[in-house]
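Here the sequence shown stands for residues 110 to 467, where the numbers follow the working numbering. Note that the Cβ used here is the ideal one computed from N, Cα and C, for glycine as well. No experiment lies behind these values; they were computed from the predicted model shown. Please read the structure below before turning to the comments.
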Amino acid sequence: MSGAQAQDPRDRGGPAQPLLIVDNLRKHFPVRGGLLNRQVATVQAVDDLSFSVRKGETLGIVGESGCGKSTTARLLMRLVAPDAGSVVFDGDAVAERGGITVNEMRRQMQMVFQDSYSSLNPRMTMAESIAYAPRMHGIGRKEAYDRAEGLLSQVGLNPRQYARRYPHELSGGQRQRVNIARALALEPRLVILDEAVAALDKSVEAQVLNLLADLKEHFNLTYLFISHDLNVVEYMSDRVLVMYLGRVVEIGPVEQIYRKPRHPYTRALFASKPTLDPDRRTTEMPLTGDPPNPINPPSGCRFRTRCAFAQSVCAEKLPVLAAPLDGDTDTDLPHLVACHVPEAQAAMGHAAMGVHHA
Ligand SMILES: Nc1ncnc2c1ncn2[C@@H]1O[C@H](COP(=O)(O)OP(=O)(O)O)[C@@H](O)[C@H]1O
Ligand SMILES: [Mg+2]
110 MSGAQAQDPR DRGGPAQPLL IVDNLRKHFP VRGGLLNRQV ATVQAVDDLS FSVRKGETLG
170 IVGESGCGKS TTARLLMRLV APDAGSVVFD GDAVAERGGI TVNEMRRQMQ MVFQDSYSSL
230 NPRMTMAESI AYAPRMHGIG RKEAYDRAEG LLSQVGLNPR QYARRYPHEL SGGQRQRVNI
290 ARALALEPRL VILDEAVAAL DKSVEAQVLN LLADLKEHFN LTYLFISHDL NVVEYMSDRV
350 LVMYLGRVVE IGPVEQIYRK PRHPYTRALF ASKPTLDPDR RTTEMPLTGD PPNPINPPSG
410 CRFRTRCAFA QSVCAEKLPV LAAPLDGDTD TDLPHLVACH VPEAQAAMGH AAMGVHHA
């Protein structure tokens, strides 16, 4: 879905400089309990996560529920503070000093959540909701409302019909269109979509996905597209990042991740995906059961307790992201996998592989 993009005057580092560089981002939540409400455990929700997002691309993030996708999004927006790690936005570190502040970053990075209703103030009309952030940023009333009406048209809602309506007077799909308009009101460069279509009916979902693709083209946007739905991620993404228990297990161009997944977890995840195409059915055992808890995750490779290829090294050493042993390294969009076992990486199409439960 990337294409030739017009030059953005805010694009200071040029097209080759990533819009976002995330380095070793970490968030561990304390778990409290007992009479004294002491910390009794730690949820390793996001653990040393590193990736970058290129200008104009859509990076998909997939993984089972609880693997840390939303925490990643909230860390990037600084809705929660990271324990460690850094974020660089178009060459500027997000920091109190010497880079760009969180507020400056938030103007250029916006987020759309799954729940269309709770993100809208029930006492504000659609035009008021969309105009709110521009007004807060000092844009005059008339200009802010003109912008709101323009955005309503852009998201497919006639402003004459919808500008004065309240959230409860709209359908879920219409409300999500308004949330998208709101996210665009400060002219961001990066939009984080966290399960943004997950609550919609299939036909409405398709319309909103197409709208998102059109808006990306029109406004020169970059997307971080988070979803548990592998089909939707394949449709939307240029590259895909696969997360397991707070860590990246695999990242690469969408075709490579979907046609030649290297991590046993990625293959197992795809094997549990419903498909209508018999040529693409795998012989891999699907993932069943719950992933282990991010409280006390397994040592070494976190997937090893469900992996049919696990060896002793997998318990001892944390695997780092690297090109697969027989992979094509001659590319500027590398396919990287965090797995110790070469046979596990190359095993696509063999019947023997699978996932078992510890
Ligand atoms: N505020 C919080 N306090 C404690 N644990 C949290 C908090 N937010 C998320 N978690 C835990 O962090 C893990 C990752 O959650 P989340 O990022 O929401 O996953 P996903 O979006 O992939 O489903 C889960 O185990 C979740 O229970
Ligand atoms: Mg989530």
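Enumerate in chain order the residues of its own chain whose CB-to-CB distance from residue i is below 7 Å, with the five nearest sequence positions on each side excluded.
i	result
P243	A253, R256, A294, L295
V155	L134, R135, K136, G177, T180, T181, L184, G355
S238	L229, N230, V287, R291
S280	none
P191	L134, R135, K136, L184
L309	G281, G282, Q285, V317
Taking residue i as the reference, which of the options has the closest Cα?
i	options	result
L184	V203, E173, S174, M345	V203
M214	D224, N230, V197, L354	V197
V189	L168, V211, G207	V211
P373	G207, V358, N402	V358
P276	L320, E237, L229, A322	L229
I130	D117, P124, S161, G123	S161
E166	G194, P191, A193, P127	P127
G247	P268, D192, R216, R273	R216
P297	R371, S159, L330, A125	L330
A453	A377, V351, P362, E364	A377
A193	H337, I209, S159, R206	S159
K164	I360, H337, P407, P124	P124
S475	D132, E364, A322, A447	Absent from the model: residue 475. The displayed extent of the chain is 110 to 467, so no value can be given.
G361	G249, A447, L309, A272	A447
Excluding the 5 residues preceding and the 5 following residue i in the sequence, name in chain order all residues of the same chain whose CB lies nearer than 6 Å to its CB.
i	result
L266	R286
H449	V422, C423, P428
R119	none
V366	Position check: residue 366 holds Ile in this sequence, whereas Val was assumed. For I366, where only same-chain residues beyond five positions count, the Cβ hits under 6 Å are V349.
N288	V221, S225, S228
R274	M235
G169	F334, V342, S346, V349
K426	G409
T375	V351, E359
Y241	none
D117	N329
Assuming contact is defined by CB atoms lying nearer than 8 Å, are residue i and residue j in contact in what I supplied?
i	j	result
L324	Q283	no
G200	R121	yes
L339	F379	yes
M235	L261	yes
M218	M186	yes
L445	A455	no
Y353	F412	yes
A474	V300	As displayed, the chain neither begins before 110 nor continues past 467, which places residue 474 out of reach and without an answer.
E278	P268	no
P451	L430	no
Q153	P407	no
S381	V171	no
Got a sec? Which residues, its chain only, sit under 8 Å from residue i by beta carbon, not counting five neighbours each side?
i	result
H327	Q263
S312	none
K251	none
T151	H137, F138, P139, V140, I404
G143	V149
Q400	For clarity, residue 400 is Pro in the given sequence; the question names Gln instead. Taken in chain order, the residues that qualify are E173, G175, C176, Y353, L354, R415.
Q270	none
I209	F198, D201, A202, V203
R147	R141
L318	V306, V341, Y344, M345
L320	V264, G265, R286, I289
Could you tell me whether any Cβ in chain B is nearer than 8 Å to the Cβ of residue i?
i	result
D441	This model lacks chain B altogether; it includes just one protein chain.
Practice problem: Output the residue ranges of the alpha helix (DSSP H) runs that lie fully inside the segment 277-364 and measure 4 residues or longer, sorted by chain position. | Solution: 281-293, 311-328, 339-345
Practice problem: Could you tell me which uninterrupted alpha helix (DSSP H) segments, each at least 4 residues in length, are contained entirely in the segment 117-198, listed from first to last along the chain? | Solution: 178-185
Practice problem: Decide yes or no for the touch test of the segment 305-316 against the segment 210-226: beta carbon pairs closer than 8 Å, at least 3 of them. | Solution: yes
Quiz item: Do the segment 417-433 and the segment 335-346 touch if we need at least three Cβ pairs shorter than 8 Å?
Solution: no
Exercise. Quick one: which unbroken beta strand (DSSP E) runs of 3-plus residues sit fully inside the segment 188-263? Chain order, please.
Key: 193-198, 218-221
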